[in-house]
Amino acid sequence: MANYMNRELSWLEFNQRVLSEAQRSDLALLERVKFLAISASNLDEFFQVRVGGLTMMHHSGSRKRGIAELTPYQQLTLIRKRAATMMQDQYTLLTEELMPSLAANDIRFVSEFQTLNTEQTLHLAKRFHDSIFPLLTPLSYEEGELLYHLPSLAIILACQLKDSSGEKRSVFLALPDSLPRFHHVPTDSDETLFIHLETLVASQLETVFPDEEVLAHTCFRLTRNNDIVLQEEDAIDLAGEMEEVLEARHHGVSVRLEIPQDCPNSLKDLIRHCTKSSNKDIYSVKGPLRLNDYFSIAFAPGHDDLREESWEPQRSARIDPHLSIFENIAEGDILLYHPYDSFEPVVRLVEEAAEDPATLAIKQVLYRTAKRSRIIDALIKAAHNGKQVTVLVELKARFDEAHNLQRADELQRAGVQIVYGVKGLKTHSKITLVIRNENGVLKRYCHLGTGNYNESTAKLYTDASYLTCKASYGEDASLFFNAITGRSKLTKLNKLIPAPTQMKQALIERIHSEAERAKQGEEAKILAKVNALQDKDIIDALYRASKAGVNIDLNVRGICCLKVGNRKEAKHIRVVSIIDRYLEHARIFYFHQGGSPEVFIGSADWMTRNLEKRVELLIPIEDSACQKKLIQILEAGFKDNAQAHEILPDGSSQRVSKSIDKDKGNKTAKPFRLQSYLQKQAIKQAQAQAYQRSTTFEPHLPAND
């Protein structure tokens, strides 16, 4: 029996956990819709990248086996079967539960255009004529033609037409992404009525094709391979090469073709042929396509009674709003845990540095940024103000390449020194360095984190931020930036542990150290929180540690190739996965070390790509208060019995049950929800700090001459 789970099947089990949130009848209705949309969006990316990559390997004749000893063809066979079941679950949930529940709460969707009254029909016809028709571009099809330029992930109408002479032809109509998917239909009641864009367009086809009869039509959706690799060894203009890669993605091979179940066979055969899709790539669906568009329904204004109560990020108790961010950091290290703690101090660090007369230089790595980024604006302002600004923009951040190209161009035009990543590696580190002249002495301020510099996702993802002005961290930050901008060797640093040069070995050494302590009869324990665990060397080290008696608790949100069970290699290992309103994104690591624990945060997951093929940072947290906060977060994750799933030996998962508390008469233990607990803690600490400040008198002192 293999000691490892297949990566792709493990990911599908993760997405099933996301879908299971949508299947919960006890969850607020629009929260369920949101989780359905998330599961669909996740599946889109999975097909584009993972299935796309495996398809390319299979077509090239590769029989290379993955960690679970499966060939690309074997993996594709298992993936198709599992994905088909998941998509069936999605559509059963939508059509049999969510749609009726939405209708019962006065949110309804038009099923047939003919059911609308005359006033509604005329209103929609006018909207089509004014706002939709000018943007449509029909694409005529010649028999035998392969339409490589049909857009991936778009909803496309396939139409069979006949003119007055009896001649037949086929036409494809891709619906532009710039158009809303759902259009309001006016009603005389309090009901909110929507019509899908494709239903509206289909009702007006006689306007699009005048003097022709529409014999048949259907909609379909094509997913293309997006696992296109940048050949950067000989790239002279990396930005130009990336633009070519983005263009190539529009013409990738088909890896999934979604077609309605009631599609006429003649149209299905036509679509399959012109997209060069195999029968294995076809997924028949019973309901509307592109379920990720239901995000807009989940977040539409109104119907707040159908959502969970909102949570607001809190101002950290460690941040005094009356002081500059530099004064706050100078008082002591600051650990923030977003989004419970506001991301605002991280933004303030860059914004204040841009305006601060004492700031000489700002250096930062950008991987994914918000569309309207205050951080980008601050960097541009800093350059305009004469600061030395250096930014590494990672062009190989998947699906953000075009956005990053655009922002890099804006920064460069403002005078920012731009570096496009590191040759052969993705730079995934989360680091900012600000250098100030304080009374003739240079002082360095650092932000080191687990998440991107993205103000939008900072409200949706859980991540850790560490702010410090300790000299050892500042020196390391300078060495780090010098290495990646000057192409020098990334030598051993004082505190920070970089990948790909040292991180993997450092982690294995610490796992091994815990194993040695266990063999000596000492208490030995490892706690870790990651998004994914796939690296074979790390897994093998954990197996050896478990066999030696180390207690290992792992909180792995997504992929987990480690196989739990009662085998001697894994009987001391427990793996849980938490799916909740925020995406669990932080990476936190604890090694007991004989009672003198080592605690780290990091940008890297325990995956081979992160540890060997990316520039990452592992950050030791030595401040006792910061350490304590991280340990509490780790431990609370393993107490969760509301949103946690336990990973089972076959790779599937089940919800963690509320255990029996024998000390309380065999009553079920109280529900404990990690994210709710952390939100309450953040509110409690913010209120306590606000009260303390309101009752403390601080005199104004005369300025020194």
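Quick note: the sequence shown uses my numbering, first residue 11, plus one each step.
All residues carry an ideal CB built from backbone N, CA and C; glycine is no exception.
All figures in this text were calculated on a predicted structure; none of them were measured in a lab.
Is it buried or exposed for residue i, if we count other Cβ within 10 angstroms and need 16 for buried?
{"i": "residue 85", "result": "buried"}
{"i": "residue 452", "result": "exposed"}
{"i": "residue 605", "result": "exposed"}
{"i": "residue 545", "result": "buried"}
{"i": "residue 247", "result": "Legend: pLDDT at residue 247 = 46, less than 50; position of this residue unreliable, value from coordinates given subsequently. By the 10 Å Cβ count, residue 247 comes out exposed."}
{"i": "residue 753", "result": "Because residue 753 is not part of the residues shown, which for the chain are 11 to 715, the question remains open."}
{"i": "residue 57", "result": "buried"}
{"i": "residue 326", "result": "buried"}
{"i": "residue 508", "result": "buried"}
{"i": "residue 492", "result": "exposed"}
{"i": "residue 337", "result": "exposed"}
{"i": "residue 702", "result": "exposed"}
{"i": "residue 125", "result": "exposed"}
{"i": "residue 528", "result": "buried"}
Quick one: residues in its chain with C-beta nearer than 6 Å to the C-beta of residue i, no 5 flanking neighbours on either side, listed in chain order?
{"i": "residue 347", "result": "474"}
{"i": "residue 119", "result": "204"}
{"i": "residue 148", "result": "181, 183"}
{"i": "residue 297", "result": "101, 104, 105"}
Hey, would you say residue i sits closer than 7 Å to residue j, going by beta carbons?
{"i": "residue 265", "j": "residue 302", "result": "no"}
{"i": "residue 718", "j": "residue 389", "result": "The shown model of the chain, from 11 to 715, leaves out residue 718, and the question about it has no answer."}
{"i": "residue 482", "j": "residue 502", "result": "no"}
{"i": "residue 536", "j": "residue 569", "result": "no"}
{"i": "residue 232", "j": "residue 267", "result": "yes"}
{"i": "residue 54", "j": "residue 343", "result": "no"}
{"i": "residue 380", "j": "residue 322", "result": "no"}
{"i": "residue 434", "j": "residue 405", "result": "no"}
{"i": "residue 51", "j": "residue 29", "result": "no"}
{"i": "residue 532", "j": "residue 553", "result": "no"}
{"i": "residue 375", "j": "residue 445", "result": "no"}
{"i": "residue 227", "j": "residue 169", "result": "yes"}
{"i": "residue 489", "j": "residue 457", "result": "no"}
{"i": "residue 370", "j": "residue 447", "result": "yes"}
Leaving out five residues on either side along the sequence, give the residues of the same chain with a beta carbon under 7 Å from the beta carbon of residue i.
{"i": "residue 278", "result": "269"}
{"i": "residue 290", "result": "90"}
{"i": "residue 334", "result": "362"}
{"i": "residue 88", "result": "19"}
{"i": "residue 23", "result": "661, 662, 663"}
{"i": "residue 26", "result": "96"}
{"i": "residue 340", "result": "479"}
So which of the options has the shortest CA-CA distance to residue i?
{"i": "residue 15", "options": "689, 571, 443", "result": "571"}
{"i": "residue 622", "options": "511, 692, 597, 67", "result": "511"}
{"i": "residue 614", "options": "330, 573, 436", "result": "436"}
{"i": "residue 592", "options": "611, 608, 686, 538", "result": "686"}
{"i": "residue 691", "options": "370, 360, 349", "result": "349"}
{"i": "residue 652", "options": "625, 626, 641, 586", "result": "586"}
{"i": "residue 629", "options": "609, 642, 149, 461", "result": "609"}
{"i": "residue 470", "options": "527, 443, 530, 351", "result": "351"}
{"i": "residue 174", "options": "187, 134, 219", "result": "219"}
{"i": "residue 295", "options": "230, 226, 304, 573", "result": "230"}
{"i": "residue 138", "options": "190, 515, 574, 650", "result": "190"}
{"i": "residue 538", "options": "525, 172, 567, 515", "result": "567"}
{"i": "residue 683", "options": "658, 700, 649", "result": "649"}
{"i": "residue 10", "options": "618, 560, 357", "result": "What is shown of the chain runs 11 to 715, which leaves residue 10 out entirely."}
{"i": "residue 403", "options": "67, 421, 387, 397", "result": "421"}
{"i": "residue 36", "options": "165, 107, 364, 284", "result": "107"}
{"i": "residue 199", "options": "429, 216, 116, 166", "result": "116"}
Quick one: what's got a C-beta closer than 8 Å to residue i's C-beta in the same chain, skipping five residues either side?
{"i": "residue 394", "result": "424, 425"}
{"i": "residue 518", "result": "547, 548, 551"}
{"i": "residue 382", "result": "none"}
{"i": "residue 312", "result": "202"}
When you compare only the Cα positions, how much space is there between residue i and residue j?
{"i": "residue 328", "j": "residue 595", "result": "23 Å"}
{"i": "residue 647", "j": "residue 454", "result": "34 Å"}
{"i": "residue 144", "j": "residue 698", "result": "58 Å"}
{"i": "residue 111", "j": "residue 317", "result": "13 Å"}
{"i": "residue 557", "j": "residue 522", "result": "11 Å"}
{"i": "residue 550", "j": "residue 665", "result": "27 Å"}
{"i": "residue 293", "j": "residue 660", "result": "26 Å"}
{"i": "residue 468", "j": "residue 71", "result": "42 Å"}
{"i": "residue 208", "j": "residue 194", "result": "14 Å"}
{"i": "residue 534", "j": "residue 484", "result": "32 Å"}
{"i": "residue 213", "j": "residue 98", "result": "27 Å"}
{"i": "residue 700", "j": "residue 332", "result": "12 Å"}
{"i": "residue 275", "j": "residue 43", "result": "32 Å"}
Is the CB of residue i under 7 Å away from at least one CB in chain C?
{"i": "residue 317", "result": "Checking the listed chains, one finds no chain C in this structure; it contains a single protein chain."}
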